[in-house]
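If you read the sequence shown in our numbering, its first letter stands for residue 447, the second for the next number, and so on.
Ideal Cβ placement from N, Cα and C applies to all residues, glycine included.
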Amino acid sequence: MKRYRRQEMDDSESDLEKEADDYVPYVPIKERKKQMLIKHRIISELEKQKDSGQESENEELLKQKEKEARQAMSLLDQHHEFKDEEDEVKETEMEKQLREEQKILESVAERKALMAATELAKGITYEEALKTSWKPPRYISAYSEERHEKVRKKYGILAEGNDCPPPLKRFREMKFPKSILNCLKAKGITNPTPIQMQGIPVTLSGRDMIGIAFTGSGKTLVFTLPIVMFCIEQEKGLPFRKGEGPYGLLISPSRELAKQTADIIKEFVAALARDGLPELKVLCCIGGTSMKEQAETIKHGVHIVVATPGRLMDLLNKKIMNLDICRYLCLDEADRMIDMGFEDDVREIFSYFKGQRQTLLFSATMPKKIQNFARSALVQPITVNVGRAGAASLNIIQEVEYVRMDEKIVYLLECLQKTGPPVLIFAEKKSDVDDIHEYLLLKSVEAVAVHGDKDQEDRHRSIQQYRNREKDVLVATDIASKGLDFPSIQHVINYDMPEDIENYVHRIGRTGRSGKKGVATTFINKNSDESVLLDLKHLLIESKQKLPPVLAALESEHQYLNAGEQQGCSYCGGLGHRITDCPKLQAVQNKQVGSIGKADFLASNSADY
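As structure tokens, this is what we get:
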């Protein structure tokens, strides 16, 4: 029987060698199984010999047998075997790279928790979320969790956290008063967006939350409507006296965004007051305005404060305002606030709270590093994610054009012909904003400009004229890119590519809002940073946009840009690089090194004197 099997094996090998000289035939499944059995038998024989102490004598035999086994296989099977071996090597390299990246991320992770100093000192930790009187409708609560998950899947909602409230597809199911529903209807809002379906029930339930969704997806309503309802409940139970408040605190990174949020809240408050409900006092605390007037308002009691970090810190440090009864805190564009250097201010603001609070963080771009950092301040948080953090809205047609530096300002006029007004133009430098504004005025284009060096009154007037359609074009720096909602912007033009891809996503997100379509044109040239252009390339591919030849020619040094959840950079969220080459991380580290050197220099000089 053994002799017959060996003879059969030799015959099959000789036949295969003859046929391989001419062509590669199709090998039936039965024959392939037989070949695999032969291969396994050879390996088992060698293992037996190895166990008997014949390792050195069988090295050549092993090579010979492997060669014979390969010759017995078809070329197609050999190809698959070689490919599997290469994938194993790649997998090992990938694991090594991911381990290295994890070490980098851990080394730059924030060690100090985002908590109040007294809580850290006394070791106070909150185990349970705040309780509220709101409950979802009974018939929805009776549905199974599988049904809720089916709704989330249908609308692309990803909710992470324990005991997540069910998503609600109608505003009336959220138990808002009729005056609120009529106010939303007057704004053209009839049904909640995906982030509102899940985010509003989470907020009304008193749970801490991290909210991530596309620009223009309606994140503002997720935190403004609940705070209005909470304050109405507080005022009806026990009216606020002089010097009390606020109960709710909303922090924004820019003055324009803070004012926009305050105006939205005031609309809802006015609608409720018309229906006979208590009138709430809303205060917008921003720089460039009278602190005396703000102090007078706080003195008479205030329910909701919307503020920028700088002005809020002034009011708290001067003891004009306190957070003794504040139980609701929302950080809008939270990642941007930390990037702008307000991290220490936010940490200090937490120290002014006298008790547990409900904390909400919202943004369109929130890398894992910021999410992990934020969780230190949250109690049993729920993360609501609609789309990838940092992804661009699919309602925007993104066009990238190569334009020389000396031709950009002239080419702007041609770009303005793509769509009708209103148009928003972004530039990195304040001097460029002024040059573009002056050039457009010379060409009889109705334009206004906004940047940080203009006083608050001029900024407010320019924004209002543009919002009211009195002007066709707004030229601005990135202060107009975060969260601002302008009516029906047709076209966004990036005069230059921003320094990081997050700013690009926020900029183009001023159009294509609330389900409408928009166009975004970006000028690039040889002065643009290649790492940012790589991020832009992968963002365009992800959004299924047309890729210009200049970006298509760019190649990344890294082979593993699409490794499942490890896609892109874990520090900033860019898709075109890894954390090992993150320009944002390098800039932060260089800044830290520079500040350390400066501190040492000042310390040595003071010691000399």
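>> Please classify E742 as buried or exposed, where buried requires at least 16 neighbouring CB atoms within 10 angstroms.
In response: Reading the sequence shown from its first residue, position 296 is the one you call residue 742. The residue in question, E742, is exposed, as its Cβ has fewer than 16 Cβ neighbours within 10 Å.
> Which two residues bound the contiguous beta strand (DSSP E) that contains H746?
Replying inline: For the purposes of this step, residue 746 is taken as the residue at position 300 of the sequence shown. Run containing H746: none; DSSP gives neither H nor E here.
>> In whole angstroms, give me the CA-to-CA distance for M943 and V879.
In response: Position 497 of the sequence shown, counted from the first residue, corresponds to residue 943. Position 433 of the sequence shown, counted from the first residue, corresponds to residue 879. C-alpha of M943 to C-alpha of V879: approximately 14 Å in a straight line.
>> Among N971, K990 and M767, whose alpha-carbon lies nearest the alpha-carbon of S839?
In response: Translated into the one-based positions of the sequence shown, residue 839 becomes position 393. Nearest option by C-alpha distance: K990.
>> Are the CB atoms of S908 and V896 within a distance shorter than 8 Å?
In response: By 1-based counting over the sequence shown, the position of residue 896 is 450. By 1-based counting over the sequence shown, the position of residue 908 is 462. Between V896 and S908, the C-beta gap is smaller than 8 Å, which places the two residues in contact.
> In its own chain, which residues sit with a C-beta less than 8 Å from the C-beta of E1056, not counting the 5 before and 5 after it?
Replying inline: As displayed, the chain neither begins before 447 nor continues past 1055, which places residue 1056 out of reach and without an answer.
> In chain order, what residues of the same chain have a beta carbon less than 7 Å from the beta carbon of K928, not counting five sequence neighbours either side?
Replying inline: Here residue 928 is taken as the residue at index 482 of the sequence shown, counted from 1. Here the set comprises P699, S700, L703, E779, R782 and H952.
> Out of P640, I871 and E713, which has the shortest C-alpha to C-alpha gap to N628?
Replying inline: Taking the first residue of the sequence shown as position 1, residue 628 is located at position 182. Comparing Cα positions, the closest option is E713.
> Based on the DSSP secondary-structure assignment, which residues constitute the bridge partners of F808?
Replying inline: Within the sequence shown, residue 808 is the residue found at index 362, counting from 1. F808 pairs with G657 and D778.
>> Taking 8 Å as the limit between beta carbons, can you name the residues of its chain near R687, skipping five residues before and five after?
In response: Translated into the one-based positions of the sequence shown, residue 687 becomes position 241. The answer, listed in chain order, is G747.
> For A605, which residues does DSSP report across the bridge?
Replying inline: Position 159 of the sequence shown, counting from 1, holds the residue named residue 605. A605 is bridged to V830.
>> Buried or exposed, going by whether 16 or more other CB atoms sit within 10 Å of the CB of D1054?
In response: Counted from its first residue, the sequence shown places residue 1054 at position 608. No answer about D1054 holds up, because its pLDDT of 43 lies below 50 and its placement is not dependable.
> What number of angstroms, rounded off, separates the C-alpha of T639 from the C-alpha of S663?
Replying inline: To locate residue 639, count along the sequence shown from 1; it is residue 193. To locate residue 663, count along the sequence shown from 1; it is residue 217. Looking at the backbone, the Cα of T639 and that of S663 are separated by about 7 Å.
> Which runs of the alpha helix (DSSP H), 4 residues or longer, sit entirely within the segment 636–699?
Replying inline: DSSP runs (the alpha helix (DSSP H)) wholly in the segment 636–699: 640–650 and 665–683.
> Starting from L920 and walking both ways along the alpha helix (DSSP H), at which residues does that stretch end?
Replying inline: Residue numbering aside, residue 920 sits at position 474 when the sequence shown is read from its first letter. Boundaries for L920: no alpha helix (DSSP H) harbours it, while the beta strand (DSSP E) harbouring it runs V919 to A922, taken from the DSSP string.
> From what residue to what residue does the alpha helix (DSSP H) around C861 run?
Replying inline: As a working mapping, residue 861 is identified with position 415 in the sequence shown. First-last of the alpha helix (DSSP H) with C861: K854 to C861.
> Who are the near neighbours of G1010 in its chain, counting only those whose CB is closer than 7 Å to its CB and skipping five residues on each side?
Replying inline: Indexing the sequence shown from 1 puts residue 1010 at position 564. Unreliable placement is indicated for G1010, whose pLDDT of 43 sits below 50; the coordinate value is still reported in the next sentence. Closer than 7 Å at the Cβ level, and outside the excluded window around G1010, lies no residue.
>> Suppose contacts are defined by Cβ-Cβ distances below 8 Å. Is S977 in contact with P933 by that definition?
In response: Position 531 of the sequence shown, counted from the first residue, corresponds to residue 977. Position 487 of the sequence shown, counted from the first residue, corresponds to residue 933. Contact flag unset, no.
>> For a quick check, are the C-beta atoms of L997 and V938 less than 8 Å apart?
In response: Position 551 of the sequence shown, counted from the first residue, corresponds to residue 997. Position 492 of the sequence shown, counted from the first residue, corresponds to residue 938. No; because the gap between Cβ atoms is not below 8 Å, this pair is not in contact.
> Skipping 5 residues on each side, what residues in its chain have a beta carbon closer than 6 Å to that of L729?
Replying inline: In the sequence shown, residue 729 corresponds to position 283, counting from 1. Cβ contact annotation for L729 (same chain, cutoff 6 Å, sequence separation greater than five): T743, V748 and V751, in chain order.
>> Closest to S736 by C-alpha separation, out of K727, R757, K633 and V832, would be which residue?
In response: On the sequence shown, residue 736 is found 290 positions in, with the first residue counted as 1. Nearest option by C-alpha distance: R757.
> Which value, in whole angstroms, describes the spacing of the CA atoms of R451 and D523?
Replying inline: Taking the first residue of the sequence shown as position 1, residue 451 is located at position 5. Taking the first residue of the sequence shown as position 1, residue 523 is located at position 77. Reliability of the predicted coordinates at R451 is poor, the pLDDT of 45 falling under 50, and the value obtained from them is presented with this limitation in mind. Between the C-alpha atoms of R451 and D523 there is a straight-line separation of about 23 Å.
>> Give me, in chain order, the residues of the same chain whose beta-carbon lies closer than 8 Å to that of D770; leave out the 5 immediate sequence neighbours on both sides.
In response: Numbered from its first residue, the sequence shown carries residue 770 at position 324. When the five nearest sequence neighbours on each side are left out, the beta carbons in the same chain lying within less than 8 Å of the beta carbon of D770 are those of K800, in order along the chain.
> Which residue's Cα is closest to the Cα of S960: K621, I641, L718 and T829?
Replying inline: Taking the sequence shown and counting its residues from 1, the one referred to as residue 960 is at position 514. Out of K621, I641, L718 and T829, I641 has the C-alpha closest to the C-alpha of S960.
> Grouping DSSP H, G and I as helix and E and B as strand, with all else coil, what is G958?
Replying inline: For this step, residue 958 is matched to residue 512 along the sequence shown. In the structure shown, G958 adopts coil according to DSSP, grouped into three states.
> With a cut-off of 8 Å, do at least 3 Cβ pairs link the segment 827–835 to the segment 606–613?
Replying inline: Below 8 Å, enough C-beta pairs join the segment 827–835 and the segment 606–613 to call them touching: three or more.
>> With H, G and I counted as helix, E and B as strand and the rest as coil, what does DSSP make of H883?
In response: If you number the sequence shown from 1, residue 883 lands on position 437. DSSP places H883 within a helical segment (H, G or I) once states are collapsed to three.
>> Am I right that M655 and L806 are in contact with their C-beta atoms under 8 Å? What's the rounded C-beta distance?
In response: Counting from 1 along the sequence shown, the entry for residue 655 is found at position 209. Counting from 1 along the sequence shown, the entry for residue 806 is found at position 360. At roughly 5 Å, the Cβ-Cβ gap stays under 8 Å, so M655 and L806 are in contact.
> How big is the Cα-Cα spacing for R916 and E592?
Replying inline: Reading the sequence shown from its first residue, position 470 is the one you call residue 916. Reading the sequence shown from its first residue, position 146 is the one you call residue 592. Note that residue 916 is Glu in the sequence shown here, rather than Arg. One C-alpha to the other measures close to 51 Å.
>> My output table needs one value for E725: the three-state DSSP class, helix, strand or coil.
In response: Here residue 725 refers to the residue found at position 279 of the sequence shown. In this structure, E725 counts as coil in the three-state DSSP scheme.
>> Is the beta carbon of G652 closer than 8 Å to that of L578?
In response: As a first step, residue 578 must be located in the sequence shown, where it is residue number 132. As a first step, residue 652 must be located in the sequence shown, where it is residue number 206. According to the sequence shown, residue 578 is Thr rather than Leu. Against a cut-off of 8 Å, the Cβ pair of G652 and T578 comes out as a contact.
>> Looking only at its chain, what residues have a beta carbon closer than 7 Å to the beta carbon of F969, apart from the 5 residues adjacent to it on each side?
In response: Position 523 of the sequence shown, counted from the start, is the residue given in the question as residue 969. Same-chain partners within the cutoff: E847, V849, K854, N940, Y941 and D942.
> Would the beta-carbon of Y572 fall within 8 Å of that of Q902?
Replying inline: Position 126 of the sequence shown, counted from the start, is the residue given in the question as residue 572. Position 456 of the sequence shown, counted from the start, is the residue given in the question as residue 902. For Y572 and Q902, no; Cβs fall outside 8 Å.
>> Strictly by DSSP, which residues pair up with E592?
In response: Counting from one through the sequence shown, the residue named residue 592 turns up at place 146. Looking at the DSSP output, E592 bridges to nothing.
> Beta-carbon separation of Y857 and C772 under 8 Å?
Replying inline: Taking the first residue of the sequence shown as 1, we reach residue 857 at position 411. Taking the first residue of the sequence shown as 1, we reach residue 772 at position 326. Contact: no.
> Is it buried or exposed for M643, if we count other Cβ within 10 angstroms and need 16 for buried?
Replying inline: Locating residue 643 in the sequence shown gives position 197, counting from the first residue. Burial call: buried.
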